[in-house]
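These notes are about the structure you will find just below.
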Amino acid sequence: MSILDGVQVASAGVELFASELESQEAAVTRVDWRPPAPGSESCLARLAVAGTAAANDRAVARMQEAHPRLTGIGVAGDLIADLEPGTFLHAGPPIEWSDMAGPLRGAIIGAALLENLATDPDDATKKAAAGAFHFVPCHERGTVGPMAGVVSPSMPVWIVDNEPGGNRALCTLNEGLGKVLRYGAYDSEVIDRLRWMSAVLAPVLTSALQLLDAPLDLRAMIAHSLQMGDELHNRNRAATSLLLRTLMPALLTIDHPRSDVVDAVEFISSNDHFFLNPGMASAKATADAAAGVEGSSVVVCMARNGTDFGVRLSGTGDRWFTGPAGIVDGLYLPGFGPEDANPDIGDSTITETCGLGGMAMAAAPAIVRFVGGTPSDALATTDRMYEITWAESDHYQVPALDFRGTPLGIDCREVVHTGILPAVNTGIAHKDPGIGQVGAGLVEPPMEAFTEALDALADSSTQTP
Amino acid sequence: MSSRRIVVERGTYHDSVTLMLASRDAEETEGIVFAAAASATPVNLELLTGRGFELPADLVPDDLLIAIEGVNDAALDRAAAAIEALLSARPRPAGDTAQAAPRSLRSAAGRDPDLNLAFVSVPGRYAAYEVAGALEAGLNVFCFSDGVSLEAEVVLKRRAAAAGLLLMGPDCGTAIVSGVGLGFANVVRRGPVGIVGASGTGTQEICCLLDAAGVGISHAIGVGGRDLSGPVGGLMTLAGIQLLADDPATEIICVVSKPPDPSVTERVLSALTAAAKPAVVALLGADDLGDERMVATLEAAAAKAAELAGGLVAFHEPTVEVPTPGAVAGLFAGGTLCAEAGAIVAASGFDARFVDFGDDEMTAGRAHPMIDPSLRNDAVARAALAREIGVIVLDVVLGHGAHPDPASELARVIRDALEQRDGDLTIIVTVCGTAGDPQGLSSQIHALEAAGALVTRSAASAGRLAVDAGGGG
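Quick mapping for you: the protein sequence lines, in order, are chains A and B.
All you need for this note's numbering is the position in the first sequence, starting with 1, plus 34.
Just so it is clear: in the second sequence, position 219 is 210 by this note's numbering, and no numbers are missing.
Below, the structure written as structure tokens:
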């Protein structure tokens, strides 16, 4: 409606003026305006005249169009060109051995043993400290990994292709809970399991996937799972069940020793988080599709290495912007408490980057205690996330919000502008290598990573009429 | 002979209830005999094949199928649109009351598609971003905040113009849009005169003088003081003229500004010619009026607009009985009122010391003197102490947004000042207000007169009185 036919006002700023409008019986929506994050005035003012909106439209359109499908399983060393023995991918932003936290060091040690690059843990530690190994973030190789996220050449990885974007993402297979490599455990039980995953689990799943009529549609499976109570980060029970259900006829048909198939099915059935990894690869394929749009403030990566929390924006290329990784505020398993927790770790925040996980908390009433107690808290959490996202997903919906699309495309400008940080659900790793998961909860990303990223975007932005 | 259509959306999931609702809506469309929005499951494929639909061979259960059968293509189009509408609908959560207030103008616009105007009054250093966000969200903007750079104003106004939106401001003090006063605005009757103003208090005074003359306002669109500068090029003045030209309620268009960049004046005059409605152009303080539509004062603008509307601006002007020679101090809350009165005093050769307390530099970090007149009132008390000052000229601006009772505190200051000076000081106050203003026009005037001030209704009149009080030119 033209304003000359009547005004409906949103007011930000002086309350007196909003009251004056109300006294004239005009319709007024009061914005709960608060000063932006400290030090951001200049960069917000510069971005006000930049072409961010059009760039964000382009970036988020690529996320909306993304259609990740599970096309198979491969071997990391075959798929990642420069992943030679002695090179290890890891979660989060770049980090050297000397700065690594316990779980990440433990996982490196385990992977070195797995690749036969060290005779024992002490040998692995010495070699790592002496600079014999090379460390690269998973995100810089089209890959993601939960918790420590360590990937070495022999590991099997899910292959997820996004045909509309022409891009591919990889993620390791989930090892289950307890004493596992991703939490920094490296004893023989861990190494034996990883070897079994390469020798038995991956071939069984590969054969089953090959029998499907079409590549497995992860976007559809995630959409289903959201309506079954998963948020795809801390809860993957529905998605794991759907994955196994989809593969089951093929698993019963493939020509593998029956005991191998039974072991594989038992392994998947006993791990509610088995879908986390293909789900992460799906999110990575979606987020990568949106990367590289000049001027866009859309967040395309949030990842932690146990020491730092890193952010990348679509419009700032390959640069990482970091702040200290936080301690997770959550619930602990019996016998553990906050003093045992390692700071936030893992690439699994790729789910939040695509509007799942903590962003979609309202979809997962079964785990609302992680975010403070009640289903209404969960609704409020997701509701708040729409304040910082550019769009709503065309594909993923939240039943409890009347099937509203999940908040999609975190706009770094609005994070800084409103001071609202993305809601992140996550597991808690013990600070010592090898003990494993000690809890789960909610963690707050460091604002400075977002303000620095936005500053860099403002520096590179040009004025656009 | 009926038509059939199949639409396939790959990998698109909706819950089965939503699909049933969409199918039902489509089937209720006129001319449709069968409609289904369904997942491509084997059962559904069999059903659709059985009804004679030809399906692609490579469907998987995650694909969405829309199958429609109807009397002709137009009916199929309607049914397809009905399905698309239901599937793409994104309803808002029920029970909105529990929802937290929006944290940005963009978010507010996203929640309520009926919003059409953003009011921005955040601290100036944040204003550009708020304006940009509001424009991105498709809102017209009234930006009270100052502190936006000229460069940013140019970019933002170009964007607004390109999007067909109005950006009133930055540093826009007043507007009246469809009867609603924004910022500082007097309560005026509705009527035929539409105003586009680059001057806040200038626009207010014209509105008040017209109201007193029985002539009403259709809309008063503010554009901010820099709109007619060369760099901005009058973008929003031109947009405002266009809106008023198209507005059936507006019969006369009045433009108010300081003298613009000459190239801009040309454009404004052409736009008014194209609007084909009687026009008044007040270029305040201009020496050269090359066009019969142009006037140089607020007072002349109001008189001319009233005349075009068949009214007459007239009010009681007090007279000076005993001159009090000396310098003339002007202490104003309204910038344009200050300039108009000051020009008259200066032109008569007086030592004119006029200060605009509403200037950006004076308001940084504090409320505008129309809201908080304490700084200006203190200055009145100080000026009265200066023996060389013989006349003090002031303004009181009423209306929405202004102080609820500006006269009472000022009256006390005036009374003290006059007592102290014992007959050698004249205080003149121009009151910019209407009978409808919430402060009560007559009680405000009465309080000031009772304190000993000469009260008038226009800045020009106040200037002339000051000249008289100072002992003539």
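No residue lacks a Cβ here, since even glycine has one placed at the ideal position from N, Cα and C.
Quick caveat: nothing in here was measured; it's all calculated off a predicted structure.
query: DSSP state of Tyr217/A mapped onto helix, strand, coil; result: helix
query: Neighbour flag for Val65/A against chain B, beta carbons, 9 Å; result: yes
query: Inter-stretch contact at 8 Å, needing at least 3 Cβ pairs: the segment 384 to 394 of chain B / the segment 448 to 463 of chain B; result: yes
query: For Cys423/B, the three-state DSSP class (helix, strand or coil); result: strand
query: Ile(-3)/B, buried or exposed, once every other Cβ within 10 Å from all chains shown has been counted against 16; result: exposed
query: Residues sharing a beta bridge with Asn201/A, DSSP; result: Asn196/A
query: Glu142/B at chain A interface by Cβ criterion, 9 Å; result: yes
query: Asp351/B in three-state terms, based on DSSP; result: helix
query: Pick from Glu300/A, Val334/A, Gly357/A that is closest to Ala483/A, judged by C-alpha positions; result: Gly357/A
query: Proximal chain D residues relative to Glu448/A, where beta-carbon distance stays under 9 Å; result: Structure shown: chain D not included; protein chains present are A and B.
query: Residues of its chain near Lys268/B, where Cβ-Cβ distance is below 6 Å and the 5 sequence neighbours each way are ignored; result: Ile244
query: CA-to-CA distance, Ala46/A to Ile422/A, given in whole angstroms; result: 17 Å
query: Environment of Thr408/A [buried if 16+ CB atoms lie within 10 Å]; result: exposed
query: Proximal chain A residues relative to Ala91/B, where beta-carbon distance stays under 8 Å; result: Asp66, Ala414, Asp417, Arg418
query: Cβ of Ala85/B within 9 Å of any chain A Cβ; result: Residue placement at Ala85/B is poorly supported in this model, since its pLDDT is 45, which falls under 50; the coordinates are not used for a value here.
query: Delimiting residues of the beta strand (DSSP E) encompassing Asn459/A; result: 458 to 463
query: Contact set between Met231/A and chain B, taken where Cβ atoms lie within less than 8 Å; result: Chain B residues near Met231/A: none, gap ~27 Å exceeds 8 Å.
query: In DSSP terms, what Leu278/A is bridged to; result: Leu278/A is not bridged to any residue.
query: Cut-off 7 Å between Cβ atoms - residues of its own chain near Arg455/B, not counting five sequence neighbours on either side; result: Ile335
query: Segments assigned alpha helix (DSSP H), at least 4 residues, entirely inside the segment 128 to 201 of chain A; result: 136 to 148, 155 to 163
query: Distance between Leu491/A and Asp294/A (C-alpha atoms, nearest Å); result: 51 Å
query: Distance between beta carbons of Pro399/A and Thr416/A, contact taken as under 8 Å; result: Thr416/A to Pro399/A, Cβ: 11 Å. No contact.
query: C-beta neighbour in chain A for Asp105/B, strict 9 Å; result: yes
query: Close beta carbons around Asn368/B, own chain, < 7 Å, minus the five adjacent residues each side; result: Glu400, Leu401, Val404
query: Residue(s) in a DSSP beta bridge with Glu426/A; result: Pro441/A
query: Euclidean distance between Cα positions of Ala73/B and Leu130/B; result: 29 Å
query: Where Ser136/B meets chain A, residues with beta-carbon distance less than 8 Å; result: Gly47
query: C-beta neighbour in chain B for Gly369/A, strict 9 Å; result: no
query: Inter-residue Cα distance where the pair is Val345/A and Gly443/A; result: 13 Å
query: Classification of Thr421/B by the beta-carbon crowding that lies within 10 angstroms, buried from 16 upward; result: buried
query: Beta-carbon proximity check, Ser57/A vs Pro429/B, cutoff 9 Å; result: yes
query: Glu90/A, DSSP secondary structure in three states; result: In the sequence on display, residue 90/A carries Asn and not Glu. In the structure shown, Asn90/A sits in a helix (DSSP, three-state: H, G or I).
query: Within chain B, partners of Ile444/A - CB distance below 7 Å; result: Ordered by position in chain B, no residue passes the 7 Å Cβ test against Ile444/A, which lies about 14 Å from the chain.
query: Where the segment 369 to 397 of chain A meets chain B: residues whose CB sits under 7 Å from a CB there; result: none
query: CA nearest to the CA of Val332/A, picked from Ala236/A, Ala321/A, Thr341/A, Asp342/A; result: Ala321/A
query: In DSSP terms, what Gly216/B is bridged to; result: Partner(s): none; Gly216/B has no beta bridge.
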